[in-house]
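To start, the structure itself, in structure tokens.
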Ligand code: ACM
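In the numbering used here, the protein residues as written are -3 to 632.
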């Protein structure tokens, strides 16, 4: 040691810190074509970002890129119009490349430069997102990082999206998320080339958008009593003196700011006003919208719907608008006039889901409406309502989108459908020539539990990352031209803060991003899993929250015909080993290794399970009571 002179020692340390292995290209969603070439490109202080055939949009992107790169590198960048091939070049093609479409791009990295070219500014933007992912993970740091070689692998990428609708839905009603949090959500989305944010703006728990002509929607409907703990499981109803101070809403200025924020990032916002069901907040503000009249109160933490096997449900507390009440349509005309003026997107979503009919069934006004209009069933009453809403929405120059319930009782020929109760509704709608967005519970419900239920916050259904990854937006036998794309839905009944919103959204939203952007034939679970783990490292640097449930064991059980109970364990990722105990002690990698279904000893009370990879524990320990295992053995 003593013999090594100091400069050499420092140089060796520098090299070790830089671990000069060639970086690999790990991009989510996986590009349509990615060729890795030899060599690397390295960013330097004063590297040039040059714009070719620029526009205001490109100037803004170059400035933003320089700013983002500066944060972690500390480097300054020169922005010019020289078209220099050294440094980073952003080029709008003067001759359109038809294979790139409106959102595609070509990214070429050579040892001397990075070239991002596209037909349109959106393509340049997506090329930049890909370039960012090629940089070392430290680029995600919010503060300066020293001793990093800012190197990217040489690649040629030709990329464009499979679908024009690549969305996430965010429910800001059940729990309110501030304007700044919504912006952060958008920032997180566009990194993975999502282009549509569906904002679920109204529900029983709160009305979140200012409607100037109906001020009580937000002065009353945006606020409720605070209830924590498990959703709709509070032991007591509200005391009338309890303050309704929990909630919030977006002013029209806030909405304009969010729309502009999205536009600057090629992200469209689709508003959803959920009617006729899910409308308790509107009824609290304007009780005359209901069938029964009288006072209504926003969500109080107690159950307000009864759910029965087979998906049937009834309202315990009236939460629907009354289709037999002409004032409802006057009200909706006012709402949609203001909503249409705020959101430039061509679609407005009217909800239409889970409207309980038991209150309507008992309403004399509904009976009279049925007689007058010749409506025979409750779905026909709902269909009457949907058609009237569609007329209002169309009169504002917008197209109607609704959850797949709008198919029931007959759908108007021009309505568009978001398929959520599996893919059935989407298939039916597409087969009858309606445009469809696929967001089925079976693959795209990001509020469901994503790992071992004993370790996660309780939710009534499960959806693991690998299942989300198998999401295919075009069902077999359907004409693809009717499938606009797909989206993941993030309901927030049980998501009360932004950190948990991130945890529940990521990494599963990465799987939705890949399902909606990447060519079907480029999808590959093992490749994706590796890229997701790479992304975990990046989120660790940016201090964003995400779930590592993918490392936890999957615990199932079965019984043989003699009634013996077996634990059936598996993992989502390859290369993991499972160890377990039945003696109440905490297992490690010297404990029995799981290789085949394990007979549960008759006297065991708990099975404890851990996952290892490369000699290190990687998943969380699961302690499952044998009684719970036995339940899993009998569950279908
Ligand atoms: C829904 O999940 N109720 C659309």
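We treat Cβ as the ideally placed atom computed from N, Cα and C, and that holds for glycine.
Exercise. At which residue ranges does the segment 310 to 365 contain complete alpha helix (DSSP H) runs of 4 or more residues, listed in the order of the chain?
Worked result: 322 to 338 and 354 to 357
Problem set entry | Cα-Cα separation between residue 599 and residue 580, rounded to whole angstroms | 12 Å
Exercise. Below 8 Å between beta carbons: does that hold for residue 432 and residue 415?
Worked result: yes
For this session: Can you give me the start and stop residues for the beta strand (DSSP E) that residue 478 sits inside?
Result: Unbroken run through residue 478: none, as it is neither H nor E.
Exercise. Which same chain residues, not among the five before or five after residue 444, have their C-beta less than 6 Å away from its C-beta?
Worked result: 455, 457, 458 and 459
Problem set entry | heavy atom of the ligand ACM below 7 Å from residue 448 C-beta | no
For this session: Report back the beta-carbon spacing between residue 379 and residue 347 to the nearest angstrom; my notes put them in contact at under 8 Å.
Result: In fact, because the Cβ distance is near 15 Å, the residues do not count as touching under 8 Å.
Problem set entry | Straight-line gap, residue 277 to residue 180 (C-alpha atoms, nearest Å) | 26 Å
Problem set entry | Whether residue 273 touches residue 315 by CB criterion (8 Å) | yes
Problem set entry | Beta carbon nearer than 6 Å to a non-hydrogen atom of the ligand ACM | 349, 350, 399 and 416
Problem set entry | residue 625 versus residue 554 - alpha carbon distance | 8 Å
For this session: Give the straight-line distance between the Cα atoms of residue 510 and residue 150, rounded to the nearest whole angstrom.
Result: 23 Å
Exercise. Sorted by chain position, which residues of the same chain lie with C-beta nearer than 6 Å to residue 286's C-beta, five sequence neighbours on each side aside?
Worked result: 279, 314 and 318
Exercise. Can you round the beta-carbon distance between residue 268 and residue 195 to whole angstroms, since I take them to be within the 8 Å contact cut?
Worked result: 7 Å
Exercise. For the candidate residues 250, 630, 91 and 57, whose alpha-carbon lies nearest to that of residue 75?
Worked result: 57
Problem set entry | Euclidean distance between Cα positions of residue 55 and residue 113 | 14 Å
Problem set entry | Three-state secondary structure (DSSP) of residue 66 | helix
For this session: Sort 117, 157 and 102 by Cα distance to residue 512 and report the nearest one.
Result: 157
For this session: In the DSSP assignment, find the alpha helix (DSSP H) that holds residue 119 and state where it starts and stops.
Result: 117 to 130
Exercise. Looking at the structure shown, is residue 85 part of a helix, part of a strand, or coil, going by DSSP?
Worked result: strand
Problem set entry | CB of residue 467 within 8 Å of CB of residue 440, strictly | yes
Exercise. If we count Cβ pairs, one from each stretch, closer than 8 Å, do we get three or more for the segment 568 to 576 versus the segment 587 to 595?
Worked result: yes
For this session: Grab the span of the beta strand (DSSP E) containing residue 302 for me, first residue to last.
Result: 301 to 303
Exercise. Measuring CA to CA, which of 97, 99, 106 and 501 is closest to residue 31?
Worked result: 106
For this session: Count the other C-beta atoms from every protein chain shown that fall within 10 angstroms of the C-beta of residue 502, then say buried if there are 16 or more, exposed otherwise.
Result: buried
Problem set entry | Cα-Cα separation, residue 435 to residue 270 | 17 Å
For this session: With a 10 Å radius around its C-beta and 16 neighbouring C-beta atoms as the bar for buried, classify residue 220 as buried or exposed.
Result: buried
Exercise. Do residue 545 and residue 452 have their CB atoms nearer than 8 Å?
Worked result: yes
Exercise. Cα separation between residue 618 and residue 447?
Worked result: 11 Å
Problem set entry | Spatial neighbours of residue 46 in its chain, beta-carbon cut-off 6 Å, leaving aside the 5 residues before and after | 76, 78, 79, 80 and 85
For this session: Using 10 angstroms around the beta-carbon of residue 621, count the other beta-carbons present and answer buried if the total reaches 16, otherwise exposed.
Result: exposed
Exercise. Excluding sequence positions up to five away, which residues of its chain have a Cβ less than 6 Å from the Cβ of residue 464?
Worked result: 439, 504 and 507
Exercise. Which residues mark the beginning and the end of the beta strand (DSSP E) in which residue 161 is found?
Worked result: 161 to 167
Problem set entry | Among 218, 21, 408 and 259, nearest to residue 341 - alpha-carbon criterion | 259
For this session: Under the assumption that residue 353 contacts residue 374 (Cβ atoms under 8 Å), give the Cβ distance between them as a whole number of angstroms.
Result: 4 Å
Exercise. In terms of alpha-carbon separation, which member of 295, 300, 251 and 284 lies closest to residue 337?
Worked result: 251
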